[in-house]
Amino acid sequence: MTALLEVRDLKVRYRGRGGLGDWLRRRPPPWVHAVNGVDLDIEPGEIVGLVGESGCGKSSLGRALLRLTPTSGGSLRFGGQDLMGLEGEALMRFRRRAQMVFQDPLASLNPRRTVSETLSEVLRVHRLCPEPQIRVRVLELMDRVGLAASLADRSSRSLSGGQCQRVGIARALAMGADFIVADEPVSALDVSIQAQILNLLVRLQRERNLTILFISHDLGVIRYLCRRVVVMYLGCVVEEGPVEAVFARPQHPYTQSLIDAIPRMAPDARLGASALTGEPPSPQARPAGCAFHPRCPRVMPQCRTGEPPPPRTTDGRRVWCHLYAEPVAPEGPRAGDPPAYQQSTIEMASD
Amino acid sequence: MALLEVRNLSVEFATPAGRLKAVDDVSFAIGEGEVMGLVGESGSGKTVACRAMLHLLPPGRKRSVAGEAVFEGRNLMAMNDAELREVHGRKIGMIFQNPSSHLDPLMTVGGQVAEPLIYHEGLTRKDARSRAVELLRQVGIPDPARAVDAYPHQLSGGMRQRVMIASAVACRPKLLVADEPTTALDVTVQTQILRLLLELRDKTGLAIVLITHDLAVIASTCDSVAVMYAGRIMERAPKPELVARPRHPYTMGLIRSQPSRAVPGRELPSIEGQLPAPGDLPTGCRFHPRCAFAAERCRRPPVDLEAAGPEHVTACLRWREIGQAA
Chain A
0 MTALLEVRDL KVRYRGRGGL GDWLRRRPPP WVHAVNGVDL DIEPGEIVGL VGESGCGKSS
60 LGRALLRLTP TSGGSLRFGG QDLMGLEGEA LMRFRRRAQM VFQDPLASLN PRRTVSETLS
120 EVLRVHRLCP EPQIRVRVLE LMDRVGLAAS LADRSSRSLS GGQCQRVGIA RALAMGADFI
180 VADEPVSALD VSIQAQILNL LVRLQRERNL TILFISHDLG VIRYLCRRVV VMYLGCVVEE
240 GPVEAVFARP QHPYTQSLID AIPRMAPDAR LGASALTGEP PSPQARPAGC AFHPRCPRVM
300 PQCRTGEPPP PRTTDGRRVW CHLYAEPVAP EGPRAGDPPA YQQSTIEMAS D
Chain B
0 MALLEVRNLS VEFATPAGRL KAVDDVSFAI GEGEVMGLVG ESGSGKTVAC RAMLHLLPPG
60 RKRSVAGEAV FEGRNLMAMN DAELREVHGR KIGMIFQNPS SHLDPLMTVG GQVAEPLIYH
120 EGLTRKDARS RAVELLRQVG IPDPARAVDA YPHQLSGGMR QRVMIASAVA CRPKLLVADE
180 PTTALDVTVQ TQILRLLLEL RDKTGLAIVL ITHDLAVIAS TCDSVAVMYA GRIMERAPKP
240 ELVARPRHPY TMGLIRSQPS RAVPGRELPS IEGQLPAPGD LPTGCRFHPR CAFAAERCRR
300 PPVDLEAAGP EHVTACLRWR EIGQAA
């Protein structure tokens with residue numbers, strides 16, 4: 000199967016916050032590399048989970064895929080078409096196929112507009128529906144996302160969080176989108192409502208063969224909803240693979256500690272044993288070598304200096320980590336080199 | 000004897016739209032060294048209940064508070080401001096979801112940790128400062144001798160939460176009220192903070208009321224749990240009992256709708272409908288419009304808590320009929 004979306008070496012950078020020194024010397028603040036060379040394929044009809052801690056670049060990546068934020072390098076192809084140069088009418092056509100659902104359902108809707116106004120505007124702007132049929136189409140969309148027709152003339156402000164999120168999903172569907180980036184769509188919702196929205200996404204995915212990139216920090220939700228999971232740390236993908244395999248046998252030490260940190264629902268549940276020490280560093284001060292090495296419980300000398308080697312794909316899984324590097328044939332030993340990839344070189348991180 | 004016993008606590012707000020009952024006849028107790036979870040969704044009254052008993056409701060709003068909160072034999076609700084000042088920070092500490100809005104941005108971290116020591120224990124600035132360094136070390140802040148002079152904005156969210164904890168436990172209180180302390184934090188940091196709270200309990204015998212919307216956090220940390228919905232307690236039980244044998248359809252629904260427990264590919268059991276608006280609460284059992292087991296008598300008052308086992312109470316009128324089959 001060919002991928003619906005092909006991402007190669009994608010980079011997104013922003014201007015960071017400069018210090019007084021930058022200001023005095025009239026030099027622009029330093030770059031912050033939010034997404035630092037990501038490769039990703041998404042196949043049609045797939046729900047892919049994108050997980051990572053705050054500041055890891057998962058939202059930046061999601062927005063860059065939809066051309067909502069400028070990229071600074073790499074390539075993006077959607078259905079075989081290069082997205083990087085799209086402008087004007089062609090970009091509009093792409094937007095009809097690829098839409099975003101946001102985390103804060105209240106902030107992403109105009110509070111004074113009614114549900115019907117919000118949805119019909121989309122249909123008008125993209126000229127998707129002749130004027131007399133708009134109302135019918137709006138009610139049809141509302142029905143599809145489980146909103147009662149009686150809510151059509153209520154303002155967004157008077158809706159609950161769950162209802163607003165349904166409007167957000169209906170708005171994405173109004174375009175007939177077949178690819179949706181959902182950025183933490185259930186994080187702001189109450190537990191009992193969260194399950195309703197997840198069920199809606201699953202149903203829509205089945206009915207319309209939607210492709211969804213589901214961004215979340217909640218691994219429990221990802222395990223339930225997604226077929227494949229991509230784990231990001233400080234702008235880079237560290238592990239990706241089928242959900243069952245990754246959750247059963249996480250390979251990257253970061254994935255291992257993330258999965259260990261999921262609070263469990265059981266009568267005898269305890270806190271996970273091997274929590275990470277420290278916190279994710281700011282992307283403005285990315286550590287050298289493997290970005291995870293200062294927090295890694297299995298850090299080795301080569302992690303501090305060298306980028307993780309390009310991964311091999313085994314059973315659809317890829318791991319960017321020195322631990323899983325193939326021992327390279329030595330080009331002849333150089334003095335001072337640490338003995339490569341021996342068990343004895345694994346150090347335990349000091350607490 | 001319980002360290003804190005809350006009896007029949009009710010809080011009503013007067014608003015232009017009428018009287019809103021945010022907390023309705025809530026009772027619970029917590030023993031020394033116990034960690035009690037207070038779980039509920041938004042608007043369930045969990046935060047208002049705890050703030051009301053500590054006299055920490057936002058000023059200016061018209062309200063009436065009724066009931067008792069007996070702490071070490073004295074009723075907090077009947078205390079005047081001077082008496083309360085002796086309790087706050089010294090006997091009862093409190094931490095909140097958003098440390099940035101509860102720390103003074105213009106005061107060093109050390110100053111904020113030292114303040115209760117100077118105020119309550121009469122320490123000199125110098126002694127308080129060295130105690131502050133020690134406290135920052137205890138809550139896991141790296142390089143505490145330097146961090147003591149930092150300002151809150153120089154620290155990350157997880158570190159600020161640690162500072163707030165250090166300040167709250169500086170005078171070795173008996174009780175810590177923690178209102179969604181990890182909701183704004185990443186999962187790995189959440190585990191660190193929860194572990195820190197449990198360590199403090201083990202070392203100092205601190206009792207903790209943990210307010211959260213996340214039942215899974217409660218399941219892995221608490222000794223006992225009270226489940227709130229629309230201002231009322233729905234169920235109260237020791238944690239293993241509550242998770243293994245919930246006796247209220249709302250608790251059952253919350254447990255089953257946890258995605259981490261669900262089978263991928265199968266529909267996630269959800270609780271249908273919306274949370275009730277505080278001004279328009281259903282009569283009888285507040286949960287009945289969303290309950291799959293609602294019967295005629297659930298629509299009418301009274302709905303009282305009933306014993307469903309040792310230390311286990313439920314507000315469900317039909318818990319016997321529903322049983323485990325549900």
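Top line first, the protein sequences correspond to chains A and B.
Quick note: the first sequence uses numbering that gives the first Met the number 0, first residue 0, plus one each step.
Quick note: the second sequence uses numbering that gives the first Met the number 0, first residue 0, plus one each step.
No residue lacks a Cβ here, since even glycine has one placed at the ideal position from N, Cα and C.
- Between Leu140 (chain A) and Val180 (chain A), the C-beta spacing is not below 7 Å.
- One finds Glu278 in chain A with Cβ atoms closer than 8 Å to the Cβ of Ser155 (chain B), taken in chain order.
- Under the 7 Å criterion on CB atoms, Ser43 (chain B) is classed as non-interfacial with respect to chain A.
- Taking 3 residues as the minimum length, the beta strand (DSSP E) runs contained wholly in the stretch 58 to 145 of chain B are 62 to 70, 91 to 94, in order along the chain.
- The three-state secondary structure of Asp142 (chain A), taken from DSSP, is helix.
- As DSSP reads the structure, Lys10 (chain A) sits in a beta bridge with A:Asn35, A:Gly72.
- Between the alpha carbons of Thr210 (chain A) and Gly44 (chain A) lies a gap of roughly 4 Å.
- C-alpha of Met233 (chain B) to C-alpha of Leu280 (chain B): approximately 15 Å in a straight line.
- The Cβ neighbour count for Asn79 (chain B), taken over all protein chains shown within 10 Å, is under 16; the residue is labelled exposed.
- The Cβ neighbour count for Trp30 (chain A), taken over all protein chains shown within 10 Å, is under 16; the residue is labelled exposed.
- Assignment of beta-bridge partners to Pro286 (chain A) by DSSP yields no partner.
- Under the 7 Å criterion on CB atoms, Leu56 (chain B) is classed as non-interfacial with respect to chain A.
- Between Cys302 (chain A) and Met231 (chain A), the alpha-carbon positions lie close to 17 Å from each other.
- In terms of Cβ geometry, Ala148 (chain A) and Leu138 (chain A) form a close pair [threshold 7 Å].
- Annotation: the continuous beta strand (DSSP E) that includes Cys235 (chain A) extends over 235 to 241.
- Between the alpha carbons of Asn74 (chain B) and Met264 (chain A) lies a gap of roughly 36 Å.
- Bridge partners of Gln80 (chain A) according to DSSP: A:Phe77.
- Using a C-beta cut-off of 8 Å, the stretch 205 to 218 of chain B makes no contact with the stretch 296 to 314 of chain A, since fewer than three inter-stretch Cβ pairs fall below that distance.
- Here DSSP, grouped into helix, strand and coil, assigns Val312 (chain B) to strand.
- Put simply, the stretch 110 to 122 of chain B touches the stretch 160 to 174 of chain B. At least three CB pairs are less than 8 Å apart.
- A contact is defined here as three or more CB-CB pairs under 8 Å, and the stretch 175 to 192 of chain B meets this definition with respect to the stretch 87 to 98 of chain B.
- The DSSP-derived three-state label of Leu172 (chain A) is helix.
- Within its own chain, the residues whose Cβ lies closer than 8 Å to the Cβ of Gly17 (chain B), once the five positions on either side in sequence are excluded, are Gly278, listed in chain order.
- In this structure, DSSP gives Tyr232 (chain A) an extended state, which the three-state scheme calls strand.
- Non-local C-beta neighbours of Gln80 (chain A) in its own chain, meaning closer than 8 Å and more than five positions away in sequence, comprise Phe93, ordered along the chain.
- Using a Cβ-Cβ distance cut-off of 8 Å, the stretch 32 to 39 of chain B and the stretch 199 to 213 of chain B are in contact, since at least three pairs of beta carbons, one from each stretch, lie closer than that value.
- Your pair Ala194 (chain A) and Pro268 (chain B) checks out as a contact, with CB atoms roughly 7 Å apart and the cut at 8 Å.
- Close CB contacts of Lys61 (chain B) within its chain, under the 6 Å cut and outside five residues either way in sequence, are with Ala13 (chain order).
- Contacts between Ile270 (chain B) and chain A, judged by CB atoms closer than 9 Å, involve Val190, Ser191, Ile192, Ala194, Gln195 in chain order.
- With a 10 Å radius around the Cβ and a threshold of 16 neighbouring Cβ atoms, Ser63 (chain B) comes out exposed.
- Take the alpha-carbon of Tyr323 (chain A) and the one of Met158 (chain B): they are about 33 Å apart.
- Nearest neighbour of His212 (chain B) by Cα position, chosen from A:Thr276, A:Arg143, A:Ile192, turns out to be A:Ile192.
- Here the stretch 311 to 324 of chain B makes contact with the stretch 284 to 299 of chain B; the two share three or more CB pairs at distances below 8 Å.
- Against chain A, the beta carbon of Thr250 (chain B) has no neighbour under 8 Å; the closest one sits roughly 11 Å away.
- Any Cβ of chain A closer than 7 Å to the Cβ of Thr187 (chain B) would place that residue at the interface, and such an atom is present.
- Proximity of Ser159 (chain A) to chain B, defined by a Cβ-Cβ separation below 7 Å, is satisfied.
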